[in-house]
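There are 2 protein chains.
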Amino acid sequence: MSMKKFINYFRGNKQTSANIAKERLKIIVAHQRVEQTSTDFLPQLRQELVTVIAKYVKIDLDQVKVELERDENHTVLELNITIPETAEA
Amino acid sequence: MSMKKFINYFRGNKQTSANIAKERLKIIVAHQRVEQTSTDFLPQLRQELVTVIAKYVKIDLDQVKVELERDENHTVLELNITIPETAEA
Numbered sequence: 043m044s045m046k047k048f049i050n051y052f053r054g055n056k057q058t059s060a061n062i063a064k065e066r067l068k069i070i071v072a073h074q075r076v077e078q079t080s081t082d083f084l085p086q087l088r089q090e091l092v093t094v095i096a097k098y099v100k101i102d103l104d105q106v107k108v109e110l111e112r113d114e115n116h117t118v119l120e121l122n123i124t125i126p127e128t129a130e131a
Numbered sequence: 043m044s045m046k047k048f049i050n051y052f053r054g055n056k057q058t059s060a061n062i063a064k065e066r067l068k069i070i071v072a073h074q075r076v077e078q079t080s081t082d083f084l085p086q087l088r089q090e091l092v093t094v095i096a097k098y099v100k101i102d103l104d105q106v107k108v109e110l111e112r113d114e115n116h117t118v119l120e121l122n123i124t125i126p127e128t129a130e131a
C-alpha cells in the first residue's frame, strides 16, 4: 500500500517502455527539522550517499541528478541515478 | 511541486501537533531492477545508510524503523528515524 504509493511517485511522469527497461535508483532523504535548532546536513550527505551506492552499482556521475529543496520545516534531498548497462555479465 | 507531493507522503498519517514537533528523518531508496539481471543490494545498504546518517545526527537504534518491500521490478527500502532530543545545545 505505502509501497504502491511510493512506486507511483517513483515512476513520476508517464514513461515509455524504453524508460521502464532502464535500471534506476531513486534515493530520497527527507529531514523534518524543528525550527532553527537543527543543522541542515543534507547537502553534505549527498556525496556520502553516492559513495556508498557506488560500492554496489557502477555509477556514472553524469547520470546522477540531484535536487535539494527546502521549506520552513523540511529539507528534501533527492538523487535520481540511472545505472549504466554493464557489458560484463 | 514534486517536493510538496513528497512531503505529503512523508507526513503519511494524520499527525498531532506533538508529532509534528519531533525531528525526523525519512530515507527511501527505490531500486528499479531489470528482471533478474541485477543484484538486489538494498538489504546490505541499510546498515551503511544508518552508519552514514549517524555521523550527522545522534541516532537511537530503537528509533529506526526499517521496511523493505519488493515487487517483480522494484525493491523499496524505507528508513524512518526519529531523532532523539538532545540535551546539549
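From first to last, the protein sequence lines stand for chains A and B.
Under our numbering, the first residue of the first sequence is numbered 43, with each subsequent residue one higher.
Under our numbering, the first residue of the second sequence is numbered 43, with each subsequent residue one higher.
Glycine included, C-beta positions come from ideal geometry on N, C-alpha and C.
Next item on the list: Starting from the beta carbon of glutamate 90 of chain B, find every residue of chain A whose beta carbon is closer than 7 Å, and list them in chain order.
Entry: Ordered by position in chain A, the residues that pass the 7 Å Cβ test against glutamate 90 of chain B are Val94.
Notebook entry, point to check: What is the residue span of the beta strand (DSSP E) that glutamine 74 of chain A lies within?
Noted result: Per DSSP, glutamine 74 of chain A belongs to the beta strand (DSSP E) from 66-74.
Check: Could you check where the beta strand (DSSP E) with leucine 121 of chain A kicks off and where it finishes?
Finding: Looking at the DSSP string, the run of the beta strand (DSSP E) that includes leucine 121 of chain A is 116-124.
Item checked: When A/Thr117, A/Thr124 and A/Asn122 are compared against glutamine 74 of chain A, the one with the closest alpha-carbon -> The option with the nearest alpha carbon to glutamine 74 of chain A is A/Thr117.
Next item on the list: Count the other CB atoms, across all protein chains shown, that sit within 10 Å of the CB of leucine 103 of chain A; report buried if there are 16 or more and exposed otherwise.
Entry: Under this definition leucine 103 of chain A is an exposed residue.
Checklist line | Backbone secondary structure at glutamate 90 of chain A - three-state DSSP | finding: If DSSP states are grouped into helix, strand and coil, glutamate 90 of chain A belongs with the helices.
Next item on the list: Look at the alpha carbon of isoleucine 69 of chain B and the alpha carbon of isoleucine 101 of chain A, and state the distance between them as a whole number of angstroms.
Entry: For isoleucine 69 of chain B and isoleucine 101 of chain A, the distance between alpha carbons rounds to 20 Å.
Check: How would you write the range of the beta strand (DSSP E) that lysine 107 of chain B sits in, first residue to last?
Finding: Residue range 106-112 is occupied by the beta strand (DSSP E) that includes lysine 107 of chain B.
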